[in-house]
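In the working numbering, the protein residues as written are 739 to 826. One structure below.
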Amino acid sequence: MSYHVHLSSSALKQLKKMNRFDAQIIIDWLTDRLEGCENPRAYGKPLSVNRAGEWRYRIGKYRVSCTIEDNELTVQVFSIEHRSTVYR
Numbered sequence: 739m740s741y742h743v744h745l746s747s748s749a750l751k752q753l754k755k756m757n758r759f760d761a762q763i764i765i766d767w768l769t770d771r772l773e774g775c776e777n778p779r780a781y782g783k784p785l786s787v788n789r790a791g792e793w794r795y796r797i798g799k800y801r802v803s804c805t806i807e808d809n810e811l812t813v814q815v816f817s818i819e820h821r822s823t824v825y826r
């Protein structure tokens, strides 16, 4: 049982807007840790209250927000934002 990472179109747009160095760090982290892993929850934290069912990963100064779909074995990334603006 290994999970696969899928980036939404909005997450791809956010990656394209940031500088290449930060974008490459995020892509490498997602590939190294989440792609093919057996438990993606081990690296992240669940969000609560208004965003129940969603997970976040801290990658440097950025936060990656996603949902984990166990029946499809996918991690659906829908947001990659700087930590100063992510929860506003």
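Where a beta carbon is used, it is the ideal one built from N, C-alpha and C, also for glycine.
- prompt: So, helix, strand or coil for Leu750, using DSSP?
  reply: DSSP places Leu750 in the helix class (H, G or I) of the three-state scheme.
query: Since Trp793 contacts Arg779 with CB under 8 Å, what's their CB separation in whole angstroms?
result: Confirmed, Cβ separation roughly 7 Å.
query: If we count Cβ pairs, one from each stretch, closer than 8 Å, do we get three or more for the segment 783-792 versus the segment 748-756?
result: The segment 783-792 is not in contact with the segment 748-756.
field: 8 Å CB neighbourhood of Leu811 in its chain, flanking five on each side removed
entry: Excluding the 5 residues flanking it on each side, Leu811 has same chain C-beta neighbours closer than 8 Å at Met739, Ser740, Tyr741, His742, in chain order.
task: Keeping to the same chain, check which residues put their C-beta closer than 8 Å to that of Ile763; ignore five residues upstream and five downstream.
output: These residues qualify, in order along the chain: Ile797, Gly798.
- prompt: Hey, which unbroken runs of the alpha helix (DSSP H) at 4 residues or more fall wholly within the segment 774-819?
  reply: Listed in chain order, there is nothing to give.
- request: Use the C-beta contact count for Gly774: other C-beta atoms within 10 angstroms, 16 or more gives buried, fewer gives exposed.
  value: With a threshold of 16 other beta carbon atoms within 10 Å, Gly774 falls short and is exposed.
Member of Glu807, Asn757, His820, Tyr795 whose CA lies at the smallest distance from the CA of Trp767: The shortest C-alpha to C-alpha distance from Trp767 to any of Glu807, Asn757, His820, Tyr795 is the one to Tyr795.
- prompt: Considering only C-alpha positions, which residue in the set Ser747, Asn777, Lys783 is nearest to Arg801?
  reply: Nearest C-alpha to Arg801: Lys783.
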